[in-house]
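Worksheet for the structure shown next.
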Amino acid sequence: MRRGEVIGGLHGANRLGGNAGAEIYTFGPIAGRNAVLRLAGGDREKTRIKAAELAGEYEARCKCYGRQTSESSLDGRELIGKAQTEIGKALGIFRSGEEMERGLEHIAILEKEAGRVKRYGDCRILENMLLLARLQLTASLERKESRGVFFRTDYPLKDDEKWKKNLVLWKGEGGCLTEAVEVS
């Protein structure tokens, strides 16, 4: 099943976190509706059904988090801080494949610990943070070039012939899958 979030917007390859807030609130709902519409093959009625299914899956998953068990012993704020540090190292403006691979390894460790966080809210924040970092690292490793403010020290040149494309990511049986799609 494909689930989506769009990263990009008005500033294209030169998007920076500081100027993306308004875009997220403006284009996020549009991207969400279009992602579900694509999942449903363009059929508006199936889109409503698919949206309800996704909402039900999300609700069921939420009920599993934050249960107080003997294993629920980790401080979520501490893990969030670790995640921020590791993500910052792996996804700085200047990055290399080696740093990003290490970042994915750290994320995998933190993902295993996320289910043992005491507080539900901290667990959700951590889960979402790690998911977005995994998606961004996967796309960044796939794109073997530098473009806009995205700079890979191991691939310092822009390559329009091969990479003037959008990368689409989705969850597959083998994990996070990517597809390079021609820019329209």
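Under this note's numbering, the first residue of the sequence shown is numbered 253, with each subsequent residue one higher.
In this text, a Cβ means the ideal position worked out from N, Cα and C, and glycines have one as well.
Leu-387 is not a Cβ neighbour of Glu-365, given a cutoff of 7 angstroms. Just measuring C-alpha positions, the residue of Leu-389, Lys-414, Phe-403 and Val-435 sitting nearest Leu-421 is Leu-389.
In the DSSP annotation of this structure, the continuous segment of the alpha helix (DSSP H) that includes Thr-390 starts and ends at 372-394. Shown here for Glu-394: same chain residues with a beta carbon closer than 8 angstroms to its own, the five before and five after excluded, namely Leu-419, Thr-430 and Ala-432 in chain order.
Sixteen is the threshold: when 16 or more other Cβ atoms of the shown chains lie within 10 Å of the Cβ of Leu-362, as they do, the residue is buried. Three or more pairs of CB atoms, one per stretch, sit closer than 8 angstroms, so the region 393-409 contacts the region 334-350.
The straight-line gap separating the alpha-carbon atoms of Cys-375 and Arg-368 is approximately 8 angstroms. Pairing Ile-359 with Ala-385 gives a Cβ-Cβ distance under 7 angstroms. Gly-400 and Trp-415 have their C-alpha atoms roughly 12 angstroms apart.
A distance below 7 angstroms between beta-carbons, with the five flanking residues on each side excluded, links Asp-411 to the following residues of its chain, in chain order: Glu-397. Beta-bridge annotation (DSSP): Arg-296 is not paired with any residue. Closest in C-alpha terms to Gly-373, from the list Thr-337, Leu-409, Lys-334 and Gly-328, comes Gly-328. Taking the C-beta atoms as reference points, Gly-355 is found no nearer than 7 angstroms to Ala-335. Assignment of beta-bridge partners to Trp-422 by DSSP yields Leu-429. By the neighbour-count definition (other C-beta atoms within 10 Å, threshold 16), Glu-434 is an exposed residue. Sixteen is the threshold: when 16 or more other Cβ atoms of the shown chains lie within 10 Å of the Cβ of Glu-338, as they do, the residue is buried. Ranked by Cα distance from Lys-417, the first of Ser-436, Glu-305 and Asn-286 is Ser-436.
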